[in-house]
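Add 171 to the 1-based position in the sequence shown for the numbering used here, that's all there is to it.
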Amino acid sequence: DEYVEVDSNSGQEEKSKVLVRPFVMEEFEDIKEILDILREGSTIALINIKPLKEKDIVELKRAVSKLRKTCEAIEGDIAGFGEDYIVAVPYFAKVHRQQSIATK
């Protein structure tokens with residue numbers, strides 16, 4: 172997994188109980204860990220779907236469907252951003268969606 176660790180003051184107690192965690196989906200089986208983390212209810216998942224999209228679009232659609240159903244079950248939210256990422260959040264968060272501007 173690729174991620175950058177931001178300077179964390181090891182002497183300070185952790186104030187936030189919400190974790191933003193990156194995932195890379197390389198195969199359908201990678202969905203299990205993501206679903207388990209979402210069901211715990213304290214993690215926002217940022218999922219890079221590019222490897223699976225390039226490998227098998229049918230499996231990607233299956234994985235996204237499973238993610239969507241889980242988000243509905245936990246009263247969370249899910250949305251894609253960019254070409255290669257999905258964000259999935261638990262019940263306490265909502266994904267902002269850009270409103271289209273109506274022409275006059």
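We treat Cβ as the ideally placed atom computed from N, Cα and C, and that holds for glycine.
Which of helix, strand or coil does DSSP assign to ASP248?
-> In the structure shown, ASP248 sits in a strand (DSSP, three-state: E or B).
Would you check if the distance between the CB atom of PHE198 and the CB atom of LEU217 is smaller than 8 Å?
-> Contrary to the premise, residue 198 reads as Glu rather than Phe in this sequence. Contact check for GLU198 against LEU217 fails: the beta carbons are separated by 8 Å or more.
Going by C-alpha distance, which of ALA234, ALA259 and VAL229 is nearest LYS203?
-> Nearest of ALA234, ALA259 and VAL229 to LYS203, Cα basis: ALA234.
Work out the CA separation of THR214 and ASP255 for me, nearest whole Å.
-> Taking the straight line from one Cα to the other gives about 20 Å.
Can you give me the start and stop residues for the beta strand (DSSP E) that ILE257 sits inside?
-> Per DSSP, ILE257 is one residue of the beta strand (DSSP E) stretching across 256-260.
In this structure, does DSSP put ARG192 in helix, strand or coil?
-> DSSP places ARG192 within a strand segment (E or B) once states are collapsed to three.
What do you reckon, are the CB atoms on ALA259 and LEU209 nearer than 8 Å?
-> In contact: ALA259 and LEU209 (Cβ atoms closer than 8 Å).
DSSP three-state assignment for ALA216, whether helix, strand or coil = Residue state, collapsed to three classes: strand.
Under 8 Å between C-beta atoms of VAL229 and ALA250 | Taking the C-beta atoms as reference points, ALA250 is found no nearer than 8 Å to VAL229.
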